[in-house]
Structure formats: C-alpha cells, structure tokens
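S.K.:
Residue numbers (the working numbering): 680 to 761.
1) What residue does the beta strand (DSSP E) around residue 683 start on, and which one ends it?
2) If we count the other Cβ atoms within 10 Å of its Cβ and call it buried at 16 or more, is residue 712 buried or exposed?
3) Could you give the residue range of the beta strand (DSSP E) that holds residue 709?
4) Roughly how far, in whole angstroms, is the beta-carbon of residue 686 from the beta-carbon of residue 735, given that I think they are within contact range, below 8 Å?
5) Bridge partners for residue 695 per DSSP, in chain order?
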C-alpha cells in the first residue's frame, strides 16, 4: 500500500484487495465507473478510457501502448462477496 501511495494513488478512492501468494502479495485497486462503449466508434472509446483513468495509470507505460488495444467485449462479470 505504501508503494501505491508513492506512485500517486489515493487509497481512500478505491476498493482494496490484497492477494496473498506463497512468496509475495499483490495489491488490487478497484473503482467503479460507467463507460458506455457499445455505441462509440473505436477512436472514441480509447479517449473515454484515457479520460476516466486515474492519473498514475495515465503516467504508466500501459497507456503508452493504448493505440495497440482492441475492444474485446462487452464482458459481464460478478464478484462474490460474503
């Protein structure tokens, strides 16, 4: 969590989940927002994703390769919560 804060994330804005492995842990950050991509041309959905992404992601190498991405979906999912 300290590393996420150092990279610019405000943890109070996200749902946090720590995944424990045998040798390491991984921190997952989740934040809900709606983006309607079904009716948008391909160029517009890329811009919507960039506009909605948190700043630390915008600064990462992930978004430098967004021109190579493709729409694969929509994908519907649910997460079990106890």
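Backbone N, C-alpha and C fix where the C-beta goes; we use that ideal spot for every residue, glycine too. The structure displayed is predicted, hence computed values, not measured ones.
M.R.: Looking at the coordinates:
1) That residue, residue 683, is in no beta strand (DSSP E); its alpha helix (DSSP H) goes 681 to 685.
2) exposed
3) 704 to 709
4) 5 Å
5) 708
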